[in-house]
Every structure is written in C-alpha cells, then in structure tokens.
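**Q**
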Amino acid sequence: MVSGKYAQTTTRLTGDATITPAPVKQYHDKLGRLVKAETDHHGKTYQTTYNYDYVGNKTEGKDARAYDEGWSEPTVTYEYDHANRVVKETNTMGQSIHTVYDPLGRVKSKTDYKGSTTTYGYDKLGRLLKVQAPVAAGQFALTKYDYDKNGNQTAVKQQCNKPGQPEAWRTTGYGYDSRNRLVKVVKNDTDGSQSIAQYHYDGAGNKTKMFTGLSAALDTSSETGQDTDFAVTRYGYNHLNQMVSMTDPLGQ
281 MVSGKYAQTT
291 TRLTGDATIT
301 PAPVKQYHDK
311 LGRLVKAETD
321 HHGKTYQTTY
331 NYDYVGNKTE
341 GKDARAYDEG
351 WSEPTVTYEY
361 DHANRVVKET
371 NTMGQSIHTV
381 YDPLGRVKSK
391 TDYKGSTTTY
401 GYDKLGRLLK
411 VQAPVAAGQF
421 ALTKYDYDKN
431 GNQTAVKQQC
441 NKPGQPEAWR
451 TTGYGYDSRN
461 RLVKVVKNDT
471 DGSQSIAQYH
481 YDGAGNKTKM
491 FTGLSAALDT
501 SSETGQDTDF
511 AVTRYGYNHL
521 NQMVSMTDPL
531 GQ
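With positions in the sequence shown counted from 1, the corresponding number in the working numbering is that position plus 280.
(1) With a threshold of 16 other CB atoms inside 10 Å of the CB of residue 342, please say whether the residue is buried or exposed.
(2) Rounded to the nearest angstrom, what separates residue 530 and residue 472 at their Cα positions?
(3) So what does DSSP say about residue 320, is it helix, strand or coil?
(4) Just to confirm the assignment: which complete alpha helix (DSSP H) runs, minimum length 4, are found wholly within the segment 337-378?
(5) For residue 526 versus residue 517, is the C-beta distance shorter than 7 Å?
(6) Is residue 452 near residue 463, with beta carbons less than 7 Å apart?
(7) Please give the ranges of any beta strand (DSSP E) in the segment 371-445, keeping only runs that are unbroken, at least 3 residues long and fully inside the region.
(8) Can you tell which of 468, 354 and 511 has its C-alpha closest to the C-alpha of residue 533?
(9) Do the CB positions of residue 489 and residue 512 come within less than 7 Å of each other?
(10) Would you call the CB atoms of residue 415 and residue 400 closer than 7 Å?
(11) Taking the DSSP output, what are the residues bridged to residue 525?
(12) Give the secondary structure of residue 454 by DSSP, where H, G and I count as helix, E and B as strand, and everything else as coil.
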C-alpha cells in the first residue's frame, strides 16, 4: 500500500496455538529503502527508523527503546569513506567500531567498542588466510584458512589454547569431489577426537543425504562403513530439481 511518499507493507509471522505474533509494518521510500518499521504490542506502537545520505548509505538508526524513552539522539550512526564503505559505527554511548580497508577494498582491521583490534590477512588471490583476534592484554588467537587449487576452502585452524599455555589448535577439514561439491567435513578436537559429516548427491547434483555424528568415513552410496551409529537426513526432489521433501533422522 502506498501512503503519501512511503510504500507500506505488513508482515505477519506465523505463531502457534498460544502465541499470535504482532504484525510488522514496514515503510519504504521511493528508492525502496526501509525508513521505518512499526510493531503494535498491547495497544502500543513501537517504531524503528532509518536515515540515508544522498548516495543511499544508511547514516543512522533509532530503535524502539530510543523512542519509548524519549532519546534525542539516534541509537547508532554510520560514517563512510569515499568508496561508500562503513569506516565508523557509533552507539549512543559514544563508543565506536572502526574498520580499516586495504587498497583492494578488503577489511584490513576492525577495532571494537573496547579498543581491541582484529586484523585480517589475505593471499595474492584475495582469499582470507588468517584472522588475529585479541583474547587478553597482549595476547592474540589466530584462525588460519587453507585452500585447494580450485579455490575450495580445505581447512580452518583455530588456536584454542589459553594465554601462556602451549599452542593448541582445533581444526575443521573440508573434502570435495571432482565437481567441487562438498562431500565431507571433519572436525578434529585438541583431545584427538573426530566428528565427521558427509554428503551424497544425485546425478543432477542435488544433495540427497546428509550423514552426521560419524566417527569414521562412510560409503555414502551404500551407507556402510566402520561406524554404525550415525544420523541421516534425506532430501527429495521433483523433475525440476526443486526440493520437495526433507526427512530428518527420526523419519519425520
């Protein structure tokens, strides 16, 4: 519905037998940008509003609490660089998140409200290689990423030791088939335990089975292997390759 200079839409979420969610009214300007959202609760209307600059960047937002308590300032404000990238996000307490980009437009570092800085490193192809995040004063935890020759992510290695303790890593490995489809995920914990998930596809490339809770590799076609205690989720498709059914491990 169009009312004045704004287009209004109403969304009603599905509730259950005891709860009927309140409808959410959204107002968009002529450029399709969300400028206001309203929710009615017990006869009272709560609203959240947004403002934009002349190129369409969201510059501020004011939430329902701010309106309810009569705040004069917005809840959050955003500042942008010449490339329309967010470089500063400030809350009502004057605390800011600062984001720095490299010459190629990738996030180089991000400093949170407390002044802690997380840094990001990339390879020559622009793929994320490592993230260094602060965990304590002068102490950082690393997350590293590996890729295969096709650009598929093959491993995520997360440093999980406490400051001052020997290095310990929690690793998740990813395996792919000849068509670069994800077929296996292996999570290795620091105690040597493994948790494996595997995926099976049909000839059209649709994922038809997901196996979880495995401790050893499985033949996904015959569903046989060393491990007999695992769960299977199955997916069904129609002639247009649209998913029409999903059966969980309980058969439901």
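Note that beta-carbon positions come from the ideal geometry of N, C-alpha and C, so glycine has one too.
**A** This is what the structure holds:
(1) Its Cβ being crowded by 16 or more others within 10 Å, residue 342 is buried.
(2) Taking the straight line from one Cα to the other gives about 29 Å.
(3) It is a strand residue.
(4) Segments of the alpha helix (DSSP H) lying fully in the segment 337-378: 344-348.
(5) Not in contact: residue 526 and residue 517 (Cβ atoms no closer than 7 Å).
(6) Not closer than 7 Å, so no.
(7) Along the length of the segment 371-445, whole beta strand (DSSP E) runs at least 3 residues long occupy 376-381, 387-391, 397-402, 408-416, 419-427 and 433-439, reported in chain order.
(8) Look at the range of the chain in this structure, 281 to 532, and you will see that residue 533 is not part of it.
(9) The answer is yes: Cβ separation under 7 Å.
(10) Not in contact: residue 415 and residue 400 (Cβ atoms no closer than 7 Å).
(11) According to DSSP, which records beta bridges pairwise, residue 525 is partnered with 516.
(12) Three-state DSSP puts residue 454 in a strand.
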